[in-house]
Structure formats: structure tokens, C-alpha cells
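Residue numbers (this note's numbering): -15 to 257.
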Amino acid sequence: MDSIETLQPGTILSNDELREIFKCSPQGGMRRSHETNTLVIVTNHIESIYEDRWEGDVIHYTGMGQKGPMQLSFAQNKTLSESPANGVAVHLFEVFRKGEYTYVGEVERSGEPYQATQPDVDGNERLAWLFPLQLKSHETPAIDGEKAREAYQRREKRAARLADDELKKRAMNAPTIPGSRPAVAMQYARSPEVSEYAKRRANGYCELCEQPAPFQSKSGEPYLECHHIEWLARGGEDTIENTVALCPNCHRKMHVIGSHADQEKLKATAAQG
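Shown next as C-alpha cells:
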């Protein structure tokens, strides 16, 4: 098992492994360990009521306390506000999938804590404390693009379940300047010949809705997008039998809904060559 000293950014731990390495509590977003003289902080992108924001190699981390105004002198807020002078090493983890804790690195406070208005767990506005924390490596961490997309979709579903008044409160108090960071995505070396063949077979018509391409490209060609019926990320092959040409609307439909009936129709179309 890894030790604190050998942990590398990107290492994924289970909650049990994190607890064993840092000798800390198995619960909470801020976990103090006197045995290892560390503070583990977790930014959870799927379960947290707020979203911690990255600006380069600095994360604006929301403090402890889900209900009512936050207190800077409360529990681990105090530990973090006194860092790094108190000698407690602060280690950051992120969660994009349930049960997976991705190690980001050791951080230290890069500025004074400040307050911002955020809704609490009940949707009521309150003042929260935020801590600007900079990675000691000074390297902006890249994220797994697929995991980030999954986490965002979870948050979208949760937002869709909110009552109108609570949704409005959260929307009005959302950060006006979004955070940004690089993302890493798997790249596939697709065949341009397979793509071009699918577009010529379509002859300017979407192979799902069977309507003409909605507009022409700068070169004057009907604009259609290539789609793999069985996604490459799920083991699909880059072949003419698995590739079709779709209008942008149907392409998005296949990625959002991907109904069995539509897939079967596209399979039959592609099989005709």
C-alpha cells in the first residue's frame, strides 16, 4: 500500500485505503489526523451541495458547515485558516465517481480566507468561508474528461429535482466566473476514409431522420457528422458497418437518448453498405 510520501497525483484510493494511509476519519470533506499531522480535504463533484472552483493551480475550497452561517473558528475551518503556520500538512482529493478518491496533491493556503454568499443544505442563503489553496507543485491538475462529464450529468439530474424557489436561489448564487482546468480525454485514431465513405453513402441526407443536411460547410458540402453506432469508447469498431452520417440534431439525440429502435435502424442502414 502507498504511504503519504509515495502518493502520486492521479492515484485513486478507496475510502478504506485513504483512511488507512492518513489515519483519519472515514467520513466528511475535512478529515484531521493528529497521528499523521495531516488534514485531508475532499472536493466531491457528485455529492457536495456546492462546487469548489479551480483557477489555474489554485482551488477555492468551501469550508466546513452545511447549515447556517459558517464559522471560521469552527473545527477544521480553524485548522485550515491557521495553515501553514500550524505545521499541518493539507492533502487534497477529488471525487468524480462514487467510492473513488483521486489524489491531487499537497496544498497550502495562498491567500486569506474570504466570505461568499452560498445556499446551505436547506437552500437558505448564508455566508460561507472559502479558502484559496495552491498546489505546492504549482502544476495545474488535469482531469479525466469522461469522469468530469459523468459528474456534471449527476449534478444536472440533482438540479432537475430541485423546487423552483430553491433552484433560483442556487442559480443566483452560482459563481459568475466559472473555474477552468485542462481535461484529458482518450483520443481514437479514426479512419478518415471510413468517415468520408459514410458521408458519401448518406448523399447529403441524415441517415436517421432522413432529412437533408441542415446547412452546407464552408466548402459547400452538406454538413453531416459521423457517428459510431457502437461507441468506440465502449468497444465499437471503426468500420463502415458501424459508422453513419447524421445531422447535428440526430447526432446529439443518439448520445443523449440512444434508443434501441434508432440503433437498430442505423445498423440496418450501415449494413447495406
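Just so you know, even glycine gets a beta-carbon here, dropped at the ideal spot from N, CA and C.
- Does the region 68 to 85 touch the region 122 to 139, meaning 3 or more C-beta pairs lie closer than 8 Å? yes
- Message: So T227 and C210 are supposed to be a Cβ contact under 8 Å. How far apart are they, rounded?
- Response: Residue mapping note: residue 227 aligns to position 243 of the sequence shown, counting from 1. Residue mapping note: residue 210 aligns to position 226 of the sequence shown, counting from 1. Indeed they touch by this definition, with Cβ atoms about 6 Å apart.
- Query: Per DSSP, what kind of secondary structure is S17 in: helix, strand or coil?
  - Reply: If you number the sequence shown from 1, residue 17 lands on position 33. In this structure, S17 counts as strand in the three-state DSSP scheme.
- Comparing alpha-carbon positions, which option in G52, P53, E177, Y207 lies nearest P232? Here residue 232 is taken as the residue at index 248 of the sequence shown, counted from 1. Out of G52, P53, E177, Y207, Y207 has the C-alpha closest to the C-alpha of P232.
- Going by the beta-carbon positions, is the gap between A73 and T(-5) smaller than 8 Å? Taking the first residue of the sequence shown as 1, we reach residue 73 at position 89. Taking the first residue of the sequence shown as 1, we reach residue -5 at position 11. T(-5) is positioned such that its CB atom lies no closer than 8 Å to that of A73.
- Query: How would you call Q60, buried or exposed, if buried means at least 16 neighbouring beta carbons within 10 angstroms?
  - Reply: Position 76 of the sequence shown, counting from 1, holds the residue named residue 60. Classification of Q60: buried, given that the 10 Å Cβ count is 16 or more.
- Message: Measuring only the C-alpha atoms, how far is S201 from D148?
- Response: Within the sequence shown, the letter at position 217 stands for residue 201. Within the sequence shown, the letter at position 164 stands for residue 148. So the two alpha carbons sit approximately 41 Å from each other.
- Under the three-state DSSP convention, the category Y267 falls into: Residue 267 falls outside the range modelled here, since the chain spans only -15 to 257, and no answer is possible.
- Item | Inter-residue spacing [alpha-carbon to alpha-carbon] between L76 and L(-3) | For the purposes of this step, residue 76 is taken as the residue at position 92 of the sequence shown. For the purposes of this step, residue -3 is taken as the residue at position 13 of the sequence shown. Using only the alpha carbons, I get a separation of about 12 Å.
- Would you list, in sequence order, the uninterrupted beta strand (DSSP E) runs of no fewer than 3 residues that lie entirely inside the region 8 to 61? 14 to 17, 22 to 28, 37 to 39, 42 to 46
- Can you say whether D106 is buried or exposed, counting buried as having 16 or more other CB atoms within 10 angstroms of its CB? Numbered from 1 along the sequence shown, position 122 holds the residue referred to as residue 106. Answer is exposed; the Cβ neighbour count stays below 16.
- Query: For I43, does the count of other Cβ atoms within 10 angstroms reach 16, so buried, or fall short, so exposed?
  - Reply: Stepping through the sequence shown from its first residue, residue 43 is reached at position 59. I43 is buried by the Cβ-count criterion.
- Let me know if Q102 comes out buried or exposed under the rule of 16 or more other beta-carbons within 10 Å of its beta-carbon. On the sequence shown, residue 102 is found 118 positions in, with the first residue counted as 1. By the 10 Å Cβ count, Q102 comes out buried.
- Under the DSSP definition of a beta bridge, which residues are partnered with I281? Residue 281 cannot be examined here, being either before or after the span of the chain that is shown, -15 to 257.
- Item | Cβ-based burial, T86 [other Cβ within 10 Å; buried from 16] | Numbered from its first residue, the sequence shown carries residue 86 at position 102. Its Cβ being crowded by 16 or more others within 10 Å, T86 is buried.
- Message: Below 8 Å, how does it come out for the region 39 to 54 and the region 107 to 116: are there three or more Cβ pairs, yes or no?
- Response: yes
- State the Cα-Cα distance for the pair W38 and T253, rounded to the nearest angstrom. As a first step, residue 38 must be located in the sequence shown, where it is residue number 54. As a first step, residue 253 must be located in the sequence shown, where it is residue number 269. Each residue's alpha carbon lies about 45 Å from the other.
- Using three-state DSSP, classify C210 as helix, strand or coil. Here residue 210 corresponds to residue number 226 of the sequence shown, with the count starting at 1. Correct three-state label for C210: strand.
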